[in-house]
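With this note's numbering, the residue at position 18 of the sequence shown is 1023, and numbering never jumps.
Think of the CB as a built atom: it goes at the ideal place given N, C-alpha and C, for glycine as much as any other residue.
Note that this is a predicted model, so its numbers are computed, not measured.
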Amino acid sequence: MANFFKDNDDLQFYFHEAIDWAPLVEVTEFGYRTAEGFKSPGEAVTFYREVAESVGELAATQIAPRAALIDKEDNRIENGEVVMGPSMNAVFAAIKEAELHRLCLPRELGGLNAPLLLYFLSGEMIARADVSVMTHHSFHGGMAMAMLAYSIHEGSTKLDLQNARIESTRFAEAIEEIARGDAWGCMDITESNAGSDMAALRTRAEVGPDGQFYLTGQKIFITSGHGKYHFVIARTEDAADPEDPFSGLGGLSMFLVKTYEDRPDGTRERFATIDRIEEKLGHHASVTAALSFDRTPAQLVGKRGEGFKYMLTLMNNARIGVGFECIGLAESAYRLANAYAQERRSMGKTIAQHEIIADMLDEMNTDIQALRALAVDAAICEEMYQKRAIFGRFAGGGGGDKDREMQRLRTRSRRLTPLLKYLAAEKAVEIARRAIQIHGGVGYTKDYGAEKLLRDAVVMPIYEGTSQIQSLMVMKDTLTSAIKRPSEFLSRIAETRLAAMRAPEVLDRRVARIQSLSLSAQQHLLTRTAAGKLRALSDLPLSDWRNALKKGWDPKRDFSLAMLHAERLTRLCADEAIAEILVAQAKRHPARRELAERFLDRAELRVRAVHEEITTTGGRILSLLGAVDR
């Protein structure tokens, strides 16, 4: 029987060899303190494998065969409610029966208490079958986990420390409803005048005479927006002074909003209106809705002005999840293209034996394996950091090595997450487009399914933070780190240059060359930025220079060249991170050396080219922009 876990050797490598499950099991089982929990990593991993195999079979036998119908059966609005297609409903009946919505929830809340990493790996398999199914599925158990996380962060979850059990949590009723598969949640951020610019959000929440918050405004592009429970970002504070803590993003708060209630007589009372369903290029089975709130009752999450902070908590996991979705889609595109190329004959041999096609397939496969390495590392770091933070909050402790390890996990997750979201999204589009090219004319028809994969892929660089937003995050963090620790930055430059020439192992020398080019590109951007800053200081008294150099940075003015090259720097940093991960794998698992070499063969060429672009181009565009500004 078909199984998307058993047929994927690379996925199984991570599951059985590369992932160190022991620390992840320990934090997930809260230090093995619960009576009904697993008592050893081996016991837990046996269960995790059963889940992975079950999801792999479900994806291959229940979802993939319905993918074409799911794409064709349009969602619609009837009497103010969304009606999904029969194939999508059949898939979610199977998911509900498998109790996958319960996967990561604690046992005391009716869950299976599995790590988020297992959810992400499962998500890749579901996305390989149909990415719009995975998109909708993520707003079930994922939103229930968000409810628990928010309750923990705001202090409204009580824990029995002796037995390591949750005694109560604020959103328990909603969590249980979602876990049963009877409801789901969603995240409402975007508005018609505010996409990436959240400071422009206009939906308002005001306190009524009864002390209750009420929401008014419209949200658009809401994935799975026909759900019952909505986390909504709304403005609660006004500030005339830009220095006021409540100005811009500081004036936003997070709310949980119930958009309807089903009465015992079978009727439904709505508290928010579904205005429309967007007609999209792809992701046809995933509902994208516009909603209006008109003095809709809302529950404040956390404190006023903390909305952006709470949103980031959810976004980190969401972006990692999208990374795995992209890998699943890319895996589907590669396998479709490879299967066709192995059968289609041209000029006396299969097209898979033609050099150009063989090279394309090899690069597609290498990219997918590279992305999976990045995704697994990012997922582990983020989950370990979040769960150790929760563990420490309830159990006390910290300090010394524990604090340093927490900082390492947080820093690494922050480094890898935007790299994953950026590169996985961009590669999903590239690999899906190549799948059409390999199919030739039939790829442009709807008979083979390749065109559907491209339609589904195109949104990946847009949602959950555009590729450009991810690049700006990478640029800001990378250059800010160097500015804060210049001596460490210069030492790394010297070390990598030396290692590139003298490291005893050839793989280490190759990685060092990539690292050296990455640091050289960063140094170039910093040097140009500093030169511009020093020119701007010429009008200031010498006594004011130190303060201006330390505090007076204006990203829009001082980092213009870095912002221009942000995507190039992100691609460079992504290749650097993946090279480090794959070479480290090759040292622990000799069979992985072939993959590391295969990746480095392509990455070294890319990095040299991107380095050249960063260090030699950009002046013309900045001159044009400067002329426009004047």
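Contact between ALA1239 and ILE1131 is absent: CB atoms are separated by about 32 angstroms, not below the 8 angstroms threshold. Nearest C-alpha to PHE1236 among VAL1212, MET1203, LYS1285, ALA1303: ALA1303.
Shown here, LEU1286 sits in coil according to DSSP, grouped into three states, outside any helix or strand. In the structure shown, the three-state DSSP call for PRO1111 is coil. Under the 8 angstroms Cβ criterion, the region 1410–1422 counts as touching the region 1379–1394, having at least three qualifying pairs.
The Cβ atoms of SER1045 and LEU1074 do not sit closer than 7 angstroms to each other. The residue among CYS1578, ASN1084, THR1416 with its C-alpha nearest the C-alpha of LEU1424 is CYS1578. For VAL1088, the CB contacts under 8 angstroms within the same chain, skipping 5 residues up- and downstream, are ASN1080, ARG1081, ILE1082 in chain order. Three or more Cβ pairs closer than 8 angstroms define a contact, and the region 1576–1596 falls short of that threshold against the region 1490–1504.
The beta carbon of GLY1333 lies closer than 6 angstroms to those of GLU1129, ALA1132, ARG1133 in the same chain, with the five residues before and after it left out. Rounded to whole angstroms, LYS1451 and LYS1457 show a C-alpha spacing of 7 angstroms. Contact annotation, LEU1428 with MET1568: C-beta distance approximately 19 angstroms; criterion of less than 8 angstroms not satisfied. Look at ALA1169 here: in three-state DSSP terms it is coil, with no helix or strand label. The residues ALA1065, THR1066, in chain order, have a CB closer than 7 angstroms to that of ALA1007 in the same chain once the five nearest residues on each side in sequence are set aside. For the 7 angstroms CB-CB criterion, HIS1145 and ILE1183 form a contact. Beyond the five residues adjoining it in sequence on each side, TYR1449 comes within less than 7 angstroms, by CB distance, of ILE1441, GLU1456 in the same chain, given in chain order. Apart from sequence neighbours up to five positions away, the residues of its chain that approach ARG1398 with a beta-carbon distance below 8 angstroms are ILE1157, ordered along the chain.
Looking at the DSSP output, GLN1412 bridges to nothing. Looking at the backbone, the Cα of PHE1226 and that of ALA1323 are separated by about 16 angstroms. Taken atom to atom, the span from the alpha-carbon of VAL1588 to that of PHE1604 is near 10 angstroms.
Within the region 1480–1542, not a single complete beta strand (DSSP E) segment reaches 3 residues in length.
Bounds of any beta strand (DSSP E) do not take in ARG1340; it lies within the alpha helix (DSSP H) bounded by 1312–1348.
DSSP places PRO1423 within a helical segment (H, G or I) once states are collapsed to three.
Leaving aside the five residues that flank ALA1027 on each side, the residues in its chain whose CB is nearer than 7 angstroms to its CB run, in chain order, PRO1046. One alpha carbon belongs to GLN1217, the other to THR1278, and they sit about 20 angstroms apart. Unbroken beta strand (DSSP E) stretches of 3 residues or longer found wholly inside the region 1041–1120: 1081–1083, 1086–1088, given in chain order.
Around the beta carbon of ARG1515, 16 or more other beta carbons lie within 10 angstroms, which makes this residue buried. The residues LEU1220, THR1221, GLY1222, ALA1239, ARG1240, THR1241, in chain order, have a CB closer than 8 angstroms to that of ARG1209 in the same chain once the five nearest residues on each side in sequence are set aside. With fewer than 16 other beta carbons inside 10 angstroms of its own, ILE1626 counts as exposed.
Note that the C-beta distance between LEU1122 and ALA1384 is below 7 angstroms. The beta carbons of VAL1306 and PHE1260 sit about 6 angstroms from each other, so the pair counts as a contact at 8 angstroms. DSSP places GLY1147 in the uninterrupted alpha helix (DSSP H) bounded by 1146–1159.
Secondary structure note for PRO1466: it is in no beta strand (DSSP E), with a DSSP letter that is neither H nor E. Beta-bridge annotation (DSSP): PHE1009 is not paired with any residue.
For GLN1017, the enclosing alpha helix (DSSP H) covers residues 1014–1018. The beta carbon of GLU1062 sits closer than 6 angstroms to the beta carbons of ASN1008 from its chain, once the five residues preceding and following it are set aside; these are given in chain order.
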